[in-house]
Each structure stands twice: as C-alpha cells, then as structure tokens.
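Step one of this worksheet: look at the structure below.
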C-alpha cells in the first residue's frame with residue numbers, strides 16, 4: 004500500500020474543503036479557463052461540471068462587469084490574491100451578484116471562491132427603499148415625528164413641526180423635548196418616561212406642548228423605545244398629533260383612504276376583497292381581466308363563481324381554510340363570457356369596513372402559459388430529432404462494425420470454394436470464420452443489451468460480499484497480466500438493493516478495461532464506502548495510461564472507445580445498468596497517471 008504523506012493529507016484536506024465548500028469554487032489557469040469546479044458552483048449557476056470545464060471567466064461574468072473582473076484576475080496573478088464584487092450569469096440567464104475571493108495556489112493555477120450576495124443586495128435595496136419610504140412618510144405626513152435620545156435631546160424633527168407647532172425642524176435639533184412640555188404636565192410626562200426606562204414600554208399620552216408663538220397645543224403622543232445592543236433604552240420615537248383638530252384629521256384620513264383607493268384602482272393587477280367568500284370589492288383591473296362590463300358588477304357575487312371547476316378545491320382551500328398568508332400559486336378563473344384564463348394568485352387577511360376579509364391579488368398569465376407550452380413542444384420536437392439522429396449514427400456504426408467480420412467470413416468462404424486446401428488449412432480458415440461469427444454475435448448481443456437492458460432483479464446485497472466474489476473471479480486474470488489488486492472498505496458499510504449478476508458484469512468490465520490500460524503491469528486499487536449522503540460507492544482506480552480530459556464526457560456513448568479494437572458497447576452497457584439501479588458512474592483521469600471509475604448506488 005502507498006504510504007500517506009503530509010502533503011497528501013494537505014492535498015486531501017484542500018480537495019475536501021474545495022468540494023464541500025458552500026461557496027462556489029473555481030480553479031482556473033492563467034488564461035482564465037476552468038480546470039476544476041465544485042458542486043456548489045454547479046448549483047449556483049445551473050451548469051453541469053462538464054459544461055463549466057469547457058468555459059472560462061469571460062463566458063460567466065456579466066458583460067458590464069467583465070473589464071473589472073479581468074483586472075482583478077490580473078491583480079491575483081501579480082499579488083497572489085484579490086477580492087471584488089461582480090455579477091455572474093447563470094445558465095438560465097439570471098444575473099447573480101457574488102463576492103469573489105481569489106488566490107494563487109500554484110504557478111499558473113488560481114482558485115476563486117464565489118459567495119452569493121443576492122440576499123445581501125436584496126436587503127440593501129430593501130433598506131434603501133425603507134429609508135426612502137421613511138423619508139417620504141415623515142416629510143409628508145401631518146403628524147409630528149420626533150426622535151429623542153435617552154436624555155430627551157431631539158435628534159430628529161419632521162418637517163411637520165413647522166405647520167403644527169411653528170418651529171423650523173433644524174432649529175429643534177439638540178433642544179430638550181421636555182423643555183417644551185407645559186409645567187403642569189411635566190409630572191405625568193416624567194412618570195411616563197420612568198415607566199419607559201423601567202419597563203421599556205410607552206403608552207399613549209396627552210399633554211400640552213409650547214407653540215412657537217408661546218401658546219400651547221394639546222398633543223396626543225404615541226411612542227416606542229429604541230434599545231441598544233445590550234437591551235438598554237437609548238432613546239425613543241414619538242409621534243405627536245394635534246387632538247384639537249380631530250375632526251380635521253378624520254377628514255384628512257378619509258382623503259388619504261380615497262388616495263389609496265385610487266392607487267388600488269390604477270394597479271395593473273386584479274384586486275378582490277372577499278368577506279365570507281363573497282366579493283365585496285373589486286378594482287378596475289379585476290373587472291377588465293374577468294371581462295366584466297361597466298353595466299355589470301363583481302361585488303356581491305360568490306368568489307367560487309369566478310373559479311374554474313378544475314381549481315375550485317385548490318383555491319377555496321388555500322384562501323379560506325388555511326392561514327392568513329397565501330403564497331403565490333397558479334390556478335384558473337372564468338371570464339364573464341365563459342372563457343378560462345390562467346392566473347397567478349396570492350392573498351392575505353385584512354379587515355375591510357370592520358370585518359375580517361381576504362385580500363386576493365391576481366394577474367393574467369394566459370399568454371405566459373401558452374409560451375411555456377409552445378417552448379415545451381419545441382423542446383420535445385428537438386429531442387425527437389436528436390434521438391432519431393443518434394439512432395441513425397448508432398445504426399451506421401453498428402453496420403460498420405458487423406460488416407468487418409462478415410467481409411472476413413465471405414473472403415475465407417470464397418477461398419475455400421475456389422481452391423483445394425489440406426485439412427489443416429481448411430480448419431484454420433474455419434476457425435477464423437467461426438471467430439468472426441462469434442465477434443459479430445457478441446456485437447449484436449452488446450447492442451441488444453444496450454437497446455433493451457435486462458430487467459433488474461433487485462435484492463438487498465452486501466457490497467463487501469459482492470466485491471469479495473468479484474475478487475475471486477478477477478484476481479487470476481489480474482495476476483496473469485502482472486497487476487497487483489488491493490481492496491479497502493469502510494466498516495460498517497450500508498447494504499444496497501441491487502442485481503448481483505448485473506453489478507458483477509459492470510465490475511468485470513471496468514476491471515478488464517483497467518488491466519488493458521496498464522500494458523506492462525501496475526496497481527488496481529478498489530475502495531468501497533458510504534458518501535455520507537445517499538449512496539454507497541465502489542471505486543476502481545488504476546495507474547495506467549489515463550484518458551484525455553476531452554474524452555471523459557463521451558465515455559458511455561455507444562461505439563465511442565479509447566481502445567484500438569474496442570466498440571464502446573461494454574462501457575455503454577455498464578452505464579445503462581447503473582442508471583437502471585438509480586445510480587451513476589463518475590470518472591476522473593489524468594493522462595500518464597491513471598484513471599478512477601467510481602460507481603454510486605443508492606444505499607438502502
């Protein structure tokens with residue numbers, strides 16, 4: 004067995020870290036072409052590993068970010084490290100903002116870890132919008148907003164200070180809020196502040212506040228406390244309203260409601276409000292989408308009346324029998340003329356005119372669904388065309404492979420017909436003809452196995468026992484070819500549901516290929532174990548000639564082979580058998596160093 008060195012351990016640790024990193028990892032050469040990628044990179048961008056290994060930095064970075072990203076790559080080459088924020092393009096065309104940390108690991112080889120910052124960018128946008136919204140609200144609302152520190156000093160005063168209290172908001176900064184409270188109200192205000200400090204709560208409070216003209220205005224103050232990281236009060240946010248103008252405020256509130264109503268009417272989505280499954284409000288666009296004329300109405304109708312029969316159970320269950328929030332779902336409505344429309348729907352619970360109600364927001368996605376159906380139909384058509392092309396290629400290759408032995412048989416048959424040979428010569432020719440017939444028969448058998456794989460007879464099996472039986476069959480052949488075979492396994496090892504004979508056929512085929520790849524003897528290492536997720540694996544690793552990197556993705560394709568006299572059907576059969584078991588084969592190889600074929604089977 005090979006001695007494990009510290010370097011090997013470090014390399015193994017690096018490989019495991021790279022492969023298991025939650026961040027997308029890319030290893031690139033000096034030209035930016037990818038040499039290796041980890042599973043996280045495939046998940047992030049939606050490409051397979053094989054696709055990414057045929058790409059480079061220039062193909063993944065968003066065009067507008069390319070110059071900046073290439074400059075950062077040059078910095079890594081010069082300084083050994085770099086980091087930047089940029090945008091990668093997923094296979095679907097979706098831009099993904101990422102934070103990249105890149106390092107030089109060897110001369111001409113660089114690694115980059117890409118952390119998805121989509122959520123952070125989204126949160127930054129939300130925060131920016133929230134700040135803008137806060138500014139809009141406080142700059143335009145009639146109530147006075149005051150932010151004070153724990154000593155009562157004003158650190159923010161809304162513009163409404165001018166209209167309501169006659170003060171310039173900027174002049175109020177740094178002043179003590181308590182100094183403006185009427186002397187007769189100081190005691191109750193102080194008591195309220197003590198309650199805030201002790202119980203960290205603020206109740207509604209009425210008091211008189213000095214106007215800029217030295218008169219006093221009755222205010223209703225509602226506030227909340229702000230806490231520091233240790234949970235201690237660091238200040239408060241106060242919302243003050245002139246309660247002497249309640250009637251005026253109520254009128255303004257009705258005007259505000261009217262503005263919101265107009266806003267709802269102008270939204271490009273249909274909006275419905277239902278109380279006890281009866282539509283009590285519908286905006287203009289809801290009526291348009293459902294084909295309701297001006298002389299007709301939606302209000303007063305049952306919500307079920309607009310639902311397509313196929314979706315009644317789904318929609319009524321989600322909107323009226325579950326929780327308050329309804330996630331975005333797809334369904335169908337019926338227009339007034341009976342025409343069905345595909346819709347995307349979401350909803351929430353609210354109070355409408357004092358009653359609990361359900362707010363339903365929907366949009367017409369009929370055209371989108373038609374486009375998706377057309378796209379799927381196009382995909383199926385292309386798939387059928389591709390399938391027919393493959394069948395044609397396989398048939399042509401099969402005809403070529405069978406024609407060779409038939410040509411030999413015909414040639415020797417003609418020789419036997421036109422000349423008299425002695426018995427030994429005839430027997431030699433007959434042996435050659437029989438061998439060619441057997442070869443053609445083997446080709447046909449492999450082709451039929453590939454086209455119509457034998458049905459798997461799955462039984463719970465021990466992988467260790469299976470490999471031990473394989474070793475008994477395989478060792479004499481390996482020793483005959485001067486091949487040293489070793490076997491290692493984890494303990495305990497989970498059992499699998501598998502067809503013993505078929506898996507044995509796979510092992511013998513891959514093992515035979517490994518022996519043929521080591522012309523003058525070598526070592527074949529077999530390792531079995533559990534990948535820690537859902538698969539038991541069997542790895543056959545040789546130190547033979549290796550397989551060129553560009554050929555690895557083609558392995559398993561019928562009639563593709565790296566052997567001079569091979570047909571590729573054996574390995575195709577192996578791939579077919581493992582796929583029928585619900586597993587897969589992973590191949591890694593380096594030219595001149597060897598190859599490893601790892602078979603993954605679902606653990607029981």
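In my numbering, the protein residues as written are 4 to 607.
Glycine residues also receive a C-beta, built at the ideal position from the N, C-alpha and C atoms.
Count the other CB atoms within 10 Å of the CB of residue i; is the residue buried (16 or more) or exposed (fewer)?
| i | result |
| --- | --- |
| residue 424 | exposed |
| residue 21 | buried |
| residue 33 | exposed |
| residue 187 | exposed |
| residue 163 | buried |
| residue 217 | exposed |
| residue 23 | exposed |
| residue 602 | buried |
| residue 437 | exposed |
| residue 587 | exposed |
| residue 239 | buried |
| residue 376 | exposed |
| residue 502 | buried |
| residue 149 | buried |
| residue 106 | exposed |
I'd like the span of the beta strand (DSSP E) that includes residue i, first residue to last.
| i | result |
| --- | --- |
| residue 365 | 358–367 |
| residue 100 | 98–109 |
| residue 335 | 329–337 |
| residue 158 | 157–160 |
| residue 113 | 112–119 |
| residue 545 | 538–545 |
| residue 528 | 525–533 |
| residue 163 | Not the beta strand (DSSP E): residue 163 falls in the alpha helix (DSSP H), residues 163–168. |
| residue 212 | 208–213 |
| residue 590 | 587–593 |
| residue 610 | For the chain, the structure presents residues 4 to 607; residue 610 sits outside this window and is missing. |
| residue 488 | 486–492 |
| residue 152 | 147–152 |
| residue 549 | No beta strand (DSSP E) contains residue 549, which DSSP labels as neither H nor E. |
Out of the options, which one is the CA nearest neighbour of residue i?
| i | options | result |
| --- | --- | --- |
| residue 592 | 555, 574, 274 | 555 |
| residue 499 | 303, 544, 71, 469 | 469 |
| residue 215 | 171, 230, 191 | 171 |
| residue 26 | 119, 88, 347, 478 | 119 |
| residue 365 | 377, 376, 345, 379 | 345 |
| residue 100 | 64, 82, 130, 197 | 64 |
| residue 122 | 136, 108, 116, 102 | 102 |
| residue 159 | 472, 169, 174, 549 | 174 |
| residue 184 | 219, 57, 538, 333 | 219 |
| residue 443 | 421, 464, 472, 410 | 410 |
Mapping the DSSP letters down to three states, classify residue i as helix, strand or coil.
| i | result |
| --- | --- |
| residue 343 | strand |
| residue 218 | coil |
| residue 465 | coil |
| residue 92 | strand |
| residue 393 | Residue placement at residue 393 cannot be trusted, given a pLDDT of 47 that sits under 50; what the coordinates show is reported in the next sentence. It is helical. |
| residue 8 | Unreliable placement is indicated for residue 8, whose pLDDT of 42 sits below 50; the coordinate value is still reported in the next sentence. Three-state DSSP puts residue 8 in coil, outside helix and strand. |
| residue 558 | coil |
| residue 618 | Outside the displayed range of the chain (4 to 607) lies residue 618, so it cannot be described from this structure. |
| residue 628 | Outside the displayed span of the chain (4 to 607) sits residue 628, for which this structure offers no information. |
| residue 75 | helix |
| residue 604 | strand |
| residue 64 | strand |
| residue 300 | coil |
| residue 250 | Here the model assigns residue 250 a pLDDT of 47, short of 50, so the residue's position is not dependable and the matter cannot be decided. |
| residue 432 | helix |
| residue 386 | At residue 386, the pLDDT of 46 sits below 50, so the modelled position is not reliable; the number obtained from the coordinates is stated separately. Note: residue 386 maps to helix in three-state DSSP. |
| residue 481 | helix |
| residue 316 | helix |
| residue 453 | A caution first: residue 453 carries a pLDDT of 49, below 50, which makes its placement in the model unreliable, though a value can still be read off. Here residue 453 sits in helix by DSSP. |
| residue 421 | helix |
| residue 39 | strand |
| residue 83 | coil |
| residue 237 | strand |
| residue 243 | strand |
| residue 179 | strand |
| residue 497 | coil |
Between which two residues does the alpha helix (DSSP H) carrying residue i extend?
| i | result |
| --- | --- |
| residue 514 | 503–520 |
| residue 42 | 42–48 |
| residue 291 | 287–292 |
| residue 53 | 52–55 |
| residue 174 | 172–175 |
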